[in-house]
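Mapping of the sequence shown onto full-length UniProt numbering: position 117 corresponds to residue 117, and the numbering continues sequentially without gaps. For each residue, glycine too, the CB sits at the ideal point set by N, CA and C. Fair warning: this is a prediction, and the values are worked out from it, not measured in the lab.
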Amino acid sequence: MQQALARTPVSLANRLTLDDVTHAYGERPSVRGISLVVHPGEIVCLLGQSGCGKTTLLRLIAGIERPTGGQILLDRTVLAGPGAYVPPEKRNIGLVFQDYALFPHLTNLQNVAFGLRALKPEEAQGEALRALQRVRLENHAASFPHALSGGEQQRVALARALVPRPGILLMDEPFSGLDSRLRSSVRTETLNVLREARATCIIVTHDPEEAMRLGDRIALMRQGRFIQVGTPEELYRRPVDLQVARFFSEINEVEGEVERGRIHTPLGSFAAPGLAEGTRAVAAIRPQGVDLKAPGSGTPGRVVVHRFLGELDLYEVAVEGVDRPLVARRRTLAGLFRGHDVGVHIDPAEVLVFAATGP
Ligand SMILES: Nc1ncnc2c1ncn2[C@@H]1O[C@H](COP(=O)(O)OP(=O)(O)OP(=O)(O)O)[C@@H](O)[C@H]1O
1 MQQALARTPV SLANRLTLDD VTHAYGERPS VRGISLVVHP GEIVCLLGQS GCGKTTLLRL
61 IAGIERPTGG QILLDRTVLA GPGAYVPPEK RNIGLVFQDY ALFPHLTNLQ NVAFGLRALK
121 PEEAQGEALR ALQRVRLENH AASFPHALSG GEQQRVALAR ALVPRPGILL MDEPFSGLDS
181 RLRSSVRTET LNVLREARAT CIIVTHDPEE AMRLGDRIAL MRQGRFIQVG TPEELYRRPV
241 DLQVARFFSE INEVEGEVER GRIHTPLGSF AAPGLAEGTR AVAAIRPQGV DLKAPGSGTP
301 GRVVVHRFLG ELDLYEVAVE GVDRPLVARR RTLAGLFRGH DVGVHIDPAE VLVFAATGP
């Protein structure tokens, strides 16, 4: 198999450029002024809630929809823009859909070879078999998709999309049809195959954890716009607003007022860079930044909930002046149970401060 892998040429990854791309369904805008350069071999995850425009953006790149403004380039070739439009079949772009879209009446090998109709049949078969080897399904070449598990079908779909060596691979919610046990392993395998093929890839997902696991960068969309584009660490550590912070982790939100560059809350004061004096603001405190110690130090609180959850336990602590119990995630604190008094300490490194914008 190693030999076969070594013989399989990798994709010649392309650069994809989106330049101020807009689109509307009739009068209704769906994608508004999107600009992004996806570098050769890079994996970018498009992340956002249902209806924010992720699939439409993918369809624009694939050529299934046409932009109403801006342009889309593959390296230096304009795929879509004023006066230019390359049809989907001429774009050298691979697609993997949520439902895999395998042909039930074709064997797995024939499914993969389907994308190679331009080659002689024996050549196409050879290439398709090597693609199946890449996803470790060569032993299932002669069987049909219905005899495979969901994860295996997803790998056949991946092999089929990669076999023509597309410059760009687009994947729309590729793991959402899998149950949670399978999802993690299929995700890891897919990532390995994509890295090996050095494909430039855009993956649509609405799952922040999935985006963090897969993406070199994440482009977070809201109402047709990119709200923030960056590495998973940048989005997690420096979210541009409270909604982005909420998207990437569970947070405790405590309101306060900004005085001399700090927000003052019942849990202490925290740096509030860039916020004007007197601004109503929110301290977003991650649960792992809430420490619980013996009463007498920190802010007084009382444990109202304790759940053993394995690696980190969940504690909820009522604190005077704070509307909702604070959520803390700590290793089991021996001898600390519901009803006990504690001293609450906040790690300032786990606090982000944003201007309050309403609910
Ligand atoms: N064919 C269509 N005709 C009219 N409006 C559409 C069409 N397809 C999508 N829309 C609308 O465009 C907006 C963006 O939809 P899109 O499917 O791109 O979002 P999405 O982020 O991919 O959502 P989901 O995660 O639910 O698939 C939504 O408001 C949707 O209702």
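Lys-120 to Ala-161 span [Cα, whole Å]: 19 Å
Helix, strand or coil at Glu-233 according to DSSP, with G and I counted as helix: helix
Closer than 5 Å: residues whose CB approaches a heavy atom of ligand 1: Tyr-25, Ser-30, Ser-50, Gly-51, Cys-52, Gly-53, Lys-54, Thr-55 and Thr-56
Alpha carbon of Val-21 to alpha carbon of Val-37, nearest angstrom: 12 Å
Within 8 Å, strictly: CB atoms of Val-303 and Thr-279: no
Helix, strand or coil at Asn-252 according to DSSP, with G and I counted as helix: strand
Lys-90 in three-state terms, based on DSSP: helix
Near ligand 2: Val-319 beta-carbon under 7 Å from a heavy atom: Because ligand 2 does not appear in the structure shown, any question about it cannot be addressed here, the ligands present being ligand 1.
Where Phe-226 falls: helix, strand or coil (DSSP): strand
Distance between Val-186 and His-206 (C-alpha atoms, nearest Å): 17 Å
Helix, strand or coil at Gln-71 according to DSSP, with G and I counted as helix: strand
Cβ-Cβ separation, Ala-355 to Leu-275 (assumed contact under 8 Å), whole Å: 6 Å
CA-to-CA distance, Arg-195 to Phe-337, given in whole angstroms: 47 Å
Cβ distance (whole Å) where Gly-150 is taken to contact Gly-177 below 8 Å: 6 Å
Three-way DSSP call (helix, strand, coil) for Ala-294 in this model: coil
Coil, strand or helix - Leu-336 by DSSP: coil
Same chain, Cβ closer than 6 Å to Phe-97, five either side skipped, listed in chain order: Asp-172
Per DSSP, the bridge partner or partners of Cys-201: Ile-43 and Leu-169
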